[in-house]
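A short worksheet on the structure shown next.
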Amino acid sequence: MTMKCERAQTQVMAYLSGALDASSAARLMEHIGQCPTCRAELDCLREVTNTLSGLGVRPMPESAANRVRERLAENRSRPRKPFFSGIGRCALAG
Ligand SMILES: [Zn+2]
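Add 1 to the 1-based position in the sequence shown for our numbering, that's all there is to it.
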């Protein structure tokens, strides 16, 4: 592994919002290619991002993404809300 999962996953949202610089994105993609866990995270967040753009919501800034991540951690043991069904699958994959 060229990058720790923890670091990779903090960069996934930045990558999806186009905020990640090219060299960091390349390292992230290298890790994603080798790590099924982070690939699942990317796929899930991409799906969520696409859903949000479909609703006319702008991509989340990283601070908001971190809040979502905290909510995810809280929600793992709670019943899912329909809006977060995609994220729920993500939590299962992780
Ligand atoms: Zn990983």
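Cβ atoms here follow ideal geometry from the backbone N, Cα and C, with glycine treated the same way.
Identify the continuous alpha helix (DSSP H) that holds residue 64 and give its terminal residues. Taken as a continuous stretch (DSSP letters only), the alpha helix (DSSP H) holding residue 64 covers 63-76.
On the three-pair Cβ rule with 8 Å, is the segment 27-38 touching the segment 48-56? Because the criterion of three Cβ pairs below 8 Å is not met, the segment 27-38 and the segment 48-56 do not touch.
Nearest neighbour of residue 66, chosen from 4, 5, 10 and 6 [CA to CA]: Residue 66 has its Cα closest to that of 10, out of 4, 5, 10 and 6.
Simplified DSSP assignment, three categories, for residue 20: In this structure, residue 20 counts as coil in the three-state DSSP scheme.
Taking just the CA atoms, how far does residue 27 sit from residue 76? So the two alpha carbons sit approximately 31 Å from each other.
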